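Asks: One structure follows; several queries about it will come next.
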Amino acid sequence: MSDSENDSEYMSKSEAEEELQTRIDEVGETPFEHLSKFVVEEVESPQEIEVTPEGGDGGLDITGRVGKSIYECDFGVEVKHYSGTVGSDVVRGLSGALNRHSCGFGAVVTNSTFTSPAKDAARESDGPSMRLINGEKLSALMVEHSVGVNTHDEGYKIDKEFWAQFEKFDDELISSGDVPQADKLDVLNETLRGVAKGQQYGPEIVDHLVLETEEDWTRRQADYYALAAAALGFLEEKEGEYDGHRMRRWELTEDGQEYLEYLEEDSGRAEEFRQEHILDLRIFEIIVERIKDEKIDHDKIKELIRENTEVTGTTIGRRAGTIRSWLRDFDEVKMDDDGKTAYDYYEKDLSSTWGE
């Protein structure tokens, strides 16, 4: 991120919008997805929101949920960091993705502009409502809601702390897809059993989990578990078609098949096999190395996720919760007697488990 003389100067509203547009154009594709998420989060105050892992299903870069007591509705956002204009194909693709994910509305966010056919496609769509947010509108929203800038009586100043969080993307980071958000290991197991029975598409996995757990599941929640199983190497993604739409299809890997066999025949070996795969995830390697030296609490886990992965914003806390839950699967990781979220590492008899 280039330093600007406007960092230390007060700007008018129009100058601030122009400066933000310049910075928006300078960030890379992945940082722009996270920047767009921050704007949606600040403007709309959703109940849930996250950037989907790379290669996510169906053309949604950001997914979320709004509403609480009276109503709830899923939404999806497609993000395009372009030097040229965004065409109608992107808008039509978003419409299909919103339908597949049962979203009530969505948006395309870009640093650029939209073609006239793209605007027509959004206006004339008979599917979920869609908004088109171009670079000019995006920078105006950021100024209006103080995202990336701070408001003062004298004018506006660049929020250096906000922009600094994108600097980490200059380094090699752990993909968000390798930072699981699926805290119940029994549900992970049930997801694998469903795929083994032929429930290979997202909507089918939802139906399977509802039947087997007797709980309500959304498509997004079910996806968390399939993605977590893929991160562990138990599932792999294939192209497929469901209900007339292109959709991600999950298949068991050899390791996934072996793990299911252990679950049925040898629960102890299944646990060991699962733990071996958990420790192959780089974020767990980092956290376990820290546990060897000191106790770490929930905030420290969040900090390690923030520093080493592509994950940003409020979803860091939820993923830290999953990591904490998975760490409890290991007898060697203990919680403090006072009940705080802290862990202790014991050296004895761990060479085979921890790979030392």
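Count the sequence shown with the working numbering and you get residues 1 to 356, in order.
Note that beta-carbon positions come from the ideal geometry of N, C-alpha and C, so glycine has one too.
What you are looking at is a predicted structure, and each value in this text was computed from that prediction instead of being measured.
#1: Helix, strand or coil for N134, going by three-state DSSP, please let me know.
#2: V149 and D159 - do their beta-carbons sit closer together than 7 Å?
#3: Just the C-alpha distance for I305 and T312, rounded to the nearest angstrom, thanks.
#4: Under the criterion of a Cβ to heavy atom distance below 6 Å, does E72 qualify as lining the ligand NAP?
#5: Hey, how far is the Cα of A182 from the Cα of E172?
#6: Could you give the residue range of the alpha helix (DSSP H) that holds N99?
#7: Taking the DSSP output, what are the residues bridged to L235?
#8: Residue ranges of each alpha helix (DSSP H) run of no fewer than 4 residues wholly in the stretch 20-49, ordered along the chain?
#9: Whole beta strand (DSSP E) runs in the stretch 178-221 with 3 or more residues, listed along the chain?
#10: Determine the direct distance from the alpha carbon of A231 to that of E356, and round the result to whole angstroms.
#11: For a test of the three-state rule: what should DSSP assign to R274, helix, strand or coil?
#12: Under 8 Å by Cβ, that's how I've got L188 and Y156 pegged, so tell me the actual separation to the nearest angstrom.
#13: Can you tell me where the alpha helix (DSSP H) holding V288 begins and where it ends?
#14: How would you call A164, buried or exposed, if buried means at least 16 neighbouring beta carbons within 10 angstroms?
#15: Closest to D170 by C-alpha separation, out of R319, L327 and E310, would be which residue?
#16: At what residues does the alpha helix (DSSP H) containing K168 begin and finish?
#17: Between which two residues does the alpha helix (DSSP H) harbouring H298 extend?
#18: So, under 8 Å CB-CB, L400 and E261 are touching, yes? Tell me the CB distance rounded to an integer number of Å.
#19: Thinking C-alpha only, which one of I24, G233 and K37 is nearest T253?
#20: Which term fits H152, buried or exposed, when burial requires 16 or more other beta carbons within 10 angstroms of its beta carbon?
#21: Helix, strand or coil for Y242? Go by DSSP, reduced to three states.
#22: Which of the three DSSP states is assigned to E72 in this structure?
#23: From the DSSP secondary-structure annotation, give me the bridge partner or partners of E78.
#24: Report yes if the CB atom of G67 is closer than 7 Å to the CB atom of C73, and no otherwise.
#25: So, is H245 buried or exposed, given that buried needs 16 or more other C-beta atoms within 10 angstroms?
#26: Could you check the C-alpha separation between L98 and K184 for me, to the nearest Å?
#27: Measure the CB-CB distance between R220 and G202 and report whether it falls below 7 Å.
#28: From S352 to D329, what does the alpha carbon distance come to, in whole angstroms?
#29: So what does DSSP say about S351, is it helix, strand or coil?
#30: How do the stretch 111-123 and the stretch 76-86 stand: do at least 3 beta-carbon pairs fall below 8 Å, yes or no?
#31: Please classify E307 as buried or exposed, where buried requires at least 16 neighbouring CB atoms within 10 angstroms.
#32: Quick check on T322: does DSSP put it in helix, strand or coil?
Replies: Reading off the structure:
#1: Translated into the one-based positions of the sequence shown, residue 134 becomes position 134. N134: coil per DSSP, three-state reduction.
#2: As a position in the sequence shown, residue 159 is number 159, starting the count at 1. As a position in the sequence shown, residue 149 is number 149, starting the count at 1. In this structure, V149 lies closer than 7 Å to D159 by Cβ.
#3: Within the sequence shown, the letter at position 305 stands for residue 305. Within the sequence shown, the letter at position 312 stands for residue 312. Between I305 and T312, the C-alpha separation is close to 9 Å.
#4: Questions concerning the ligand NAP fall outside what the structure shown contains, since it holds no ligand whatsoever.
#5: Residue 182 sits at position 182 when you count from the first residue of the sequence shown. Residue 172 sits at position 172 when you count from the first residue of the sequence shown. Taking the straight line joining both Cα atoms gives about 24 Å.
#6: The residue given as residue 99 occupies position 99 in the sequence shown. Looking at the DSSP string, the run of the alpha helix (DSSP H) that includes N99 is S88 to R100.
#7: Against the sequence shown, residue 235 aligns to sequence position 235. According to DSSP, which records beta bridges pairwise, L235 is partnered with L252.
#8: 29-44
#9: none
#10: The count along the sequence shown starts at 1 and reaches residue 356 at position 356. The count along the sequence shown starts at 1 and reaches residue 231 at position 231. Note on E356: pLDDT 40, under 50, position unreliable in the model; no value is reported.
#11: Within the sequence shown, the letter at position 274 stands for residue 274. Helix at R274.
#12: Reading the sequence shown from its first residue, position 188 is the one you call residue 188. Reading the sequence shown from its first residue, position 156 is the one you call residue 156. Contact flag wrong, Cβ pair sits at about 47 Å.
#13: Working through the sequence shown from its first residue, we reach residue 288 at position 288. Residues R282 to D293.
#14: Mapped onto the sequence shown, residue 164 falls at position 164. It counts as exposed.
#15: Within the sequence shown, the letter at position 170 stands for residue 170. If we check each option's Cα against that of D170, E310 comes out closest.
#16: For this step, residue 168 is matched to residue 168 along the sequence shown. Neither: K168 is in no alpha helix (DSSP H) and is coded neither H nor E.
#17: Sequence index remark: in the sequence shown, residue 298 carries index 298 (1-based). Residues H298 to N308.
#18: The chain is shown from 1 up to 356; residue 400 falls before or after that span and cannot be answered.
#19: Within the sequence shown, numbered from 1, the residue matching residue 253 stands at position 253. Of I24, G233 and K37, the residue nearest in Cα terms is G233.
#20: Position 152 of the sequence shown holds residue 152. Exposed, because fewer than 16 other Cβ atoms sit within 10 Å of the Cβ of H152.
#21: The residue you call residue 242 lines up with position 242 of the sequence shown. Reduced to three states, the DSSP call for Y242 is strand.
#22: As a position in the sequence shown, residue 72 is number 72, starting the count at 1. Coil.
#23: Along the sequence shown, read from residue 1 onward, the residue named residue 78 stands at position 78. Bridge partners of E78: V108.
#24: For the purposes of this step, residue 67 is taken as the residue at position 67 of the sequence shown. For the purposes of this step, residue 73 is taken as the residue at position 73 of the sequence shown. In this structure, C73 lies closer than 7 Å to G67 by Cβ.
#25: Position 245 of the sequence shown, counted from the first residue, corresponds to residue 245. H245 is exposed by the Cβ-count criterion.
#26: Within the sequence shown, the letter at position 98 stands for residue 98. Within the sequence shown, the letter at position 184 stands for residue 184. Each residue's alpha carbon lies about 27 Å from the other.
#27: Looking up residue 220 in the sequence shown gives position 220. Looking up residue 202 in the sequence shown gives position 202. No, the Cβ-Cβ distance between R220 and G202 is not below 7 Å.
#28: Sequence index remark: in the sequence shown, residue 352 carries index 352 (1-based). Sequence index remark: in the sequence shown, residue 329 carries index 329 (1-based). Note on S352: pLDDT 44, under 50, position unreliable in the model; no value is reported.
#29: For the purposes of this step, residue 351 is taken as residue 351 along the sequence shown, with counting starting at 1. For S351, the predicted structure reports a pLDDT of 44, less than 50, and the residue's modelled location is therefore unreliable. The matter cannot be settled from this model.
#30: yes
#31: Mapped onto the sequence shown, residue 307 falls at position 307. When all chains shown are included, E307 counts as exposed.
#32: What you label residue 322 is simply residue 322 of the sequence shown in a count that begins at 1. T322 falls in the helix class under three-state DSSP.
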